[in-house]
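*Asks:*
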Amino acid sequence: MNSESYLPWGIVLIGTSIVLIFVEVFIPSGGLIAVSAAIAACTGIIFLFIHDQMWGFIGLGATLVLGPMALTLAFKAFPHTPIGRRLILGTKNSDPKQVAERHDELLALLDAEGEAITDLRPVGVVRIDGKRHDALAEGPMIEAGSTVRVVVVEANQIKVRKIG
Numbered sequence: 009m010n011s012e013s014y015l016p017w018g019i020v021l022i023g024t025s026i027v028l029i030f031v032e033v034f035i036p037s038g039g040l041i042a043v044s045a046a047i048a049a050c051t052g053i054i055f056l057f058i059h060d061q062m063w064g065f066i067g068l069g070a071t072l073v074l075g076p077m078a079l080t081l082a083f084k085a086f087p088h089t090p091i092g093r094r095l096i097l098g099t100k101n102s103d104p105k106q107v108a109e110r111h112d113e114l115l116a117l118l119d120a121e122g123e124a125i126t127d128l129r130p131v132g133v134v135r136i137d138g139k140r141h142d143a144l145a146e147g148p149m150i151e152a153g154s155t156v157r158v159v160v161v162e163a164n165q166i167k168v169r170k171i172g
């Protein structure tokens, strides 16, 4: 292989590595895609250095600049994908009106009494007015079947205390 044939292969391998870095964010591979991207980038850079030292430094610089840019772009795009919206909680897509309604609904439960459906260690499920709610025990563990009272509502979480 003469040194002229290394140039296109080096450019293609570096381009492939940049694409693989972008893809790594969207496809869970346990790092296999990232390792493949690193191998492709290193091989591409070596091929470019074999062709010409200037091309080698250009390839190295391009990889060091475009690689992090591709990763940043992928992380910025991820929350706007269907899978990203499902995986990331509390994104900007949350409807503030729904959040406010949920908070008002929980505020109405302040001082209400109910029953612990599961053990609260410290988190569990309680039934208040026939509805199930996730709750946080304030104080020691509360056993299932105990009577509880809502003592605090913070954000969208209720804290309960065992009574009786």
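Heads up: the sequence shown runs through residues 9 to 172, numbered per this note's numbering. Backbone N, C-alpha and C define an ideal beta-carbon position, used for all residues, glycine too.
1. Is Glu12 helix, strand or coil by DSSP?
2. State the Cα-Cα distance for the pair Ile22 and Gly38, rounded to the nearest angstrom.
3. With which residues is Thr155 paired in a DSSP beta bridge?
4. By the 10 Å Cβ neighbour count, where 16 or more other Cβ atoms means buried, how is Thr71 classified, buried or exposed?
5. Between Ile166 and Leu128, is the Cβ-Cβ spacing less than 8 angstroms?
6. For the stretch 24–59, which segments carrying the alpha helix (DSSP H) assignment without a break, of at least 4 residues, lie completely within its bounds, in sequence order?
7. Could you pull the DSSP bridge partners for Asp142 from this structure?
8. Buried or exposed, going by whether 16 or more other CB atoms sit within 10 Å of the CB of Ile41?
9. Classify Gly18 as helix, strand or coil using the three-state DSSP reduction.
10. Whole-angstrom Cβ separation of Val134 and Gly122, contact assumed at under 8 angstroms?
11. Which one or two residues does DSSP pair with Arg169 in a beta bridge?
12. Report buried or exposed for Glu32, applying the criterion of at least 16 other Cβ atoms within 10 angstroms of its Cβ.
13. Could you tell me the boundaries of the alpha helix (DSSP H) in which Thr80 lies?
14. Can you list, in chain order, the residues of its chain with a C-beta nearer than 6 angstroms to that of Ile171? Leave out the 5 residues immediately preceding and following it.
15. May I ask which residues mark the beginning and end of the alpha helix (DSSP H) holding Pro90?
16. Assign His88 to buried or exposed, taking buried as 16 or more other Cβ atoms, counted over all protein chains shown, within 10 Å of its Cβ.
*Replies:* Walking through what the data contain:
1. helix
2. 21 angstroms
3. Glu123
4. buried
5. no
6. 40–59
7. Val133
8. buried
9. helix
10. 5 angstroms
11. Arg157
12. buried
13. Gln61 to Ala85
14. Thr155 and Arg157
15. Pro90 to Leu95
16. exposed
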